[in-house]
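*Asks:* Quick note: the sequence shown uses UniProt numbering, first residue 1, plus one each step.
Glycine included, C-beta positions come from ideal geometry on N, C-alpha and C.
Everything numeric in this text was worked out from a predicted model, so none of it was measured.
My structure is below; once you've seen it, I'll send some questions.
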Amino acid sequence: GVELPLRSVFETPTVAQLVNECRNLNAQRPRLVAMQRPELLPLSFAQQRLWFLAQLEGDASTYIVPTALRLQGVVDSQALQSALADLAMRHETLRTCFQVRHGEPWQVIASQAHVDFVQLDTDAAALEGLLAAELERPFALDLSPPWRVRLYRLGAEDHVLLLVLHHIVTDGASQGPLLNDLVQAYRARSTGRSPDWTALPVQYADYSLWQRGWLGELEDEQSALAHQLGYWRQALHELPTQISLPTDRPRPAVANTEGGVVRFQVPAALHQRLQALAQSRRATLFMVLQAGFAGLLSRLGAGTDIPIGSPVAGRIEESLEPLVGFFVNTLVLRTDTSGNPDFLSLIDRVRATDLEAYSNQDLPFERLVEALNPVRSLAHHALFQVTLTLEASQSADLEQLALPGLVVSPLEASGTRVKFDLSLSFTEQAGQQGMQGALEYRQDLFDSATVETLAQRLLILLEAASQSPETSLGELDILRPDERRQV
Numbered sequence: 001g002v003e004l005p006l007r008s009v010f011e012t013p014t015v016a017q018l019v020n021e022c023r024n025l026n027a028q029r030p031r032l033v034a035m036q037r038p039e040l041l042p043l044s045f046a047q048q049r050l051w052f053l054a055q056l057e058g059d060a061s062t063y064i065v066p067t068a069l070r071l072q073g074v075v076d077s078q079a080l081q082s083a084l085a086d087l088a089m090r091h092e093t094l095r096t097c098f099q100v101r102h103g104e105p106w107q108v109i110a111s112q113a114h115v116d117f118v119q120l121d122t123d124a125a126a127l128e129g130l131l132a133a134e135l136e137r138p139f140a141l142d143l144s145p146p147w148r149v150r151l152y153r154l155g156a157e158d159h160v161l162l163l164v165l166h167h168i169v170t171d172g173a174s175q176g177p178l179l180n181d182l183v184q185a186y187r188a189r190s191t192g193r194s195p196d197w198t199a200l201p202v203q204y205a206d207y208s209l210w211q212r213g214w215l216g217e218l219e220d221e222q223s224a225l226a227h228q229l230g231y232w233r234q235a236l237h238e239l240p241t242q243i244s245l246p247t248d249r250p251r252p253a254v255a256n257t258e259g260g261v262v263r264f265q266v267p268a269a270l271h272q273r274l275q276a277l278a279q280s281r282r283a284t285l286f287m288v289l290q291a292g293f294a295g296l297l298s299r300l301g302a303g304t305d306i307p308i309g310s311p312v313a314g315r316i317e318e319s320l321e322p323l324v325g326f327f328v329n330t331l332v333l334r335t336d337t338s339g340n341p342d343f344l345s346l347i348d349r350v351r352a353t354d355l356e357a358y359s360n361q362d363l364p365f366e367r368l369v370e371a372l373n374p375v376r377s378l379a380h381h382a383l384f385q386v387t388l389t390l391e392a393s394q395s396a397d398l399e400q401l402a403l404p405g406l407v408v409s410p411l412e413a414s415g416t417r418v419k420f421d422l423s424l425s426f427t428e429q430a431g432q433q434g435m436q437g438a439l440e441y442r443q444d445l446f447d448s449a450t451v452e453t454l455a456q457r458l459l460i461l462l463e464a465a466s467q468s469p470e471t472s473l474g475e476l477d478i479l480r481p482d483e484r485r486q487v
């Protein structure tokens, strides 16, 4: 399998031309296979940056990735414990800690699984506090693999399972393989068997070695790293250091990561109109949402040059799909709203910029920051302060979590720490039946009422743009009904 850049899919009209694209890609990038292991295993570029941040911040809970599941029925805790050990034996990341040798961090992979698994009897009243405490508790990356599991027993047939992992060994796309493998192992162990799963073609350490090998060094002008950096230097030339957001308080000298979140719903009819609008411009739904978000920030005084951070899965080889690991990369999508364009033209601008960015997505964000060396500040994030994410519905993944004798349902479990001034995310509901929106914010900058108004204005703008996309950005409605009555 070959992972094609989005630009190729958009701009290659025939199957024959797509085949040629595949051949060209194979020539450019060596195939990822199990590698010969040196004595010291390097971190991936993304892990390296996160490790340094963990040292800088005292490994705060900012980089914790939780999953919580309600389990109704009788839980076989012995089978669960064995299944968790099976999971760790399957994925080397769950047996990896990060130790300094010769002044550099390295991956150290244990040969046996040691799972931090604790069962606790509790009640519904105490559960929220227990979950919150686990999400605040940091990991010692050098001492043991950074993940832990808690099983809270609320009753004989009522449990909550909490998995807490450090981002250095996981990402959003890892949840699928993590839970699917856990389910398979639990099913097997609950009937006294070992899990019978297909062997993984590669492990995360193979990816770390391969990534460094094929990207090469910045000093080598012919390397993939140097080639893509050339694009980003040009794309981000004279990028604004920070954008002006409608904050309630001046920006403090040192950012506080305490955060809040405002949740909202995008109705099905609007979801469908936005999707149709994207298709009419040969764009994606994400690009339309980006145009709307950037357009709103411009209208509220952020200027006409809006850098937005956005994650890409980074699983550029098919063999990475079933792995638990930290593959996600961050792109800086620079959105030009100058000249008061109509919304259709703004989508076209976003599309052109994003396709170029996706074609150069392999340069790790951490290497980009090192190379561009932007003004560093403890007050704000480098290169961008706002982010945008669009995710597919997780209901399909959770439907596969058929544990024997148990009814499984997801529970909300997210920490209160935030990394950016504003983080906007959408989760599509299956069958274009609407989207769940969430706007995370820094509490040292914003009041919740301000962010609620921001979310309302975004919905109003997207509604107006979907109804008449030929309207110029400055003319699109962003007023709430009560404000309109006062005008």
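Can you name, in chain order, every residue of its own chain whose Cβ lies under 8 Å from the Cβ of Val-183, other than the five neighbours on each side?
*Replies:* If we look at Val-183 and ignore the five residues flanking it on each side, its Cβ neighbours are Gln-400, Leu-401, Ala-402 and Leu-403.
*Asks:* Classify Ala-449 as buried or exposed, calling it buried when 16 or more other Cβ atoms lie within 10 Å of its own Cβ.
*Replies:* Classification for Ala-449: exposed.
*Asks:* From Ile-316, Ile-64, Thr-67 and Ala-269, pick the residue whose C-alpha is nearest to that of Gln-467; which is it?
*Replies:* Minimum Cα distance to Gln-467 is reached at Ala-269.
*Asks:* Where does Asp-181 land, buried or exposed, given buried means 16+ other C-beta within 10 angstroms?
*Replies:* Flag for Asp-181 reads buried.
*Asks:* Out of curiosity, what's the CA-to-CA distance linking Arg-23 and Asp-220?
*Replies:* At Arg-23 the pLDDT is 37, less than 50, meaning the model places this residue with poor confidence; the figure from the coordinates comes in the next sentence. Distance between the alpha carbons of Arg-23 and Asp-220: 24 Å.
*Asks:* By the 10 Å Cβ neighbour count, where 16 or more other Cβ atoms means buried, how is Ala-255 classified, buried or exposed?
*Replies:* Buried is the call here.
*Asks:* Using CA atoms only, rank isn't needed, just tell me which of Gln-432, Arg-29, His-237 and Phe-343 is closest to Gly-216.
*Replies:* If we check each option's Cα against that of Gly-216, Arg-29 comes out closest.
*Asks:* Apart from the five residues just before and just after Pro-195, which ones in its own chain have a Cβ nearer than 6 Å to its Cβ?
*Replies:* Cβ neighbours of Pro-195 beyond the five flanking positions: Asp-86, Gln-184, Ala-185 and Ala-188.
*Asks:* How many angstroms separate the CA atom of Val-328 from the CA atom of Arg-485?
*Replies:* Computed Cα separation, rounded: 45 Å.
*Asks:* Quick check: the Cα distance between Asn-345 and Ser-359, rounded to an integer number of angstroms?
*Replies:* Reading the sequence as shown, one finds Ser at residue 345 and not Asn. For Ser-345 and Ser-359, the distance between alpha carbons rounds to 22 Å.
*Asks:* Who are the near neighbours of Met-89 in its chain, counting only those whose CB is closer than 6 Å to its CB and skipping five residues on each side?
*Replies:* Cβ neighbours of Met-89 beyond the five flanking positions: Ala-113.
*Asks:* If the criterion is Cβ atoms closer than 9 Å, does the pair Thr-93 and Gly-314 meet it?
*Replies:* Result no, Cβ atoms of Thr-93 and Gly-314 do not sit closer than 9 Å.
*Asks:* According to DSSP, is Trp-197 helix, strand or coil?
*Replies:* If DSSP states are grouped into helix, strand and coil, Trp-197 belongs with coil.
*Asks:* Contact between the region 103-120 and the region 145-154 is defined here as three or more beta-carbon pairs at a separation below 8 Å; is this criterion met?
*Replies:* Yes, the region 103-120 touches the region 145-154.
*Asks:* Please name the residue, chosen from Glu-412, Ser-298, Ala-430 and Thr-389, that lies closest to Ile-478 on a Cα-to-Cα basis.
*Replies:* Minimum Cα distance to Ile-478 is reached at Ser-298.
*Asks:* Residues bridged to Ala-371 by DSSP?
*Replies:* Its beta-bridge partners do not exist; DSSP assigns none.
*Asks:* Would you kindly work out how many angstroms separate the C-alpha atoms of Thr-304 and Asp-336, rounded to a whole number?
*Replies:* Straight-line Cα distance between these residues: approximately 6 Å.
*Asks:* Can you tell me whether Arg-101 is helix, strand or coil according to DSSP?
*Replies:* Three-state result, Arg-101: strand.
*Asks:* In angstroms, rounded to a whole number, what distance separates the CA positions of Thr-14 and Leu-411?
*Replies:* Legend: pLDDT at Thr-14 = 43, less than 50; position of this residue unreliable, no value from coordinates given.
*Asks:* Would you identify the three-state DSSP class for Phe-420, choosing helix, strand or coil?
*Replies:* Of the three classes helix, strand and coil, the one that applies to Phe-420 here is coil, per DSSP.
*Asks:* If you follow the beta strand (DSSP E) that Ala-438 is part of, which residue opens it and which one closes it?
*Replies:* 435-442 is the span of the beta strand (DSSP E), which, as asked, contains Ala-438.
*Asks:* Excluding the 5 residues preceding and the 5 following Asn-20 in the sequence, name in chain order all residues of the same chain whose CB lies nearer than 6 Å to its CB.
*Replies:* Here Asn-20 scores only 43 on pLDDT, less than 50, and its place in the model is too uncertain to base an answer on.
*Asks:* From the DSSP output, in three-state form, read off Phe-52 for me.
*Replies:* Phe-52: helix per DSSP, three-state reduction.
*Asks:* What does a CB cutoff of less than 7 Å around Ala-83 pick up in its chain, not counting 5 residues either side in sequence?
*Replies:* Leu-182, Ala-185, Tyr-186 and Arg-189, listed in sequence order.
*Asks:* Which one of Leu-473, Ser-472 and Ile-460 has the shortest CA to CA distance from Pro-481?
*Replies:* Looking at the Cα atoms, Ile-460 is the closest of the given residues.
*Asks:* Spatial neighbours of Met-287 within its chain, please: C-beta separation below 7 Å, excluding the five flanking residues on both sides.
*Replies:* These residues qualify, in order along the chain: Ala-278, Ile-347, Val-350, Arg-351 and Asp-354.
*Asks:* May I ask you to check if the CB of Leu-320 is nearer than 8 Å to at least one heavy atom of the ligand PLP?
*Replies:* The ligand PLP is not part of this structure, which contains no ligands at all.
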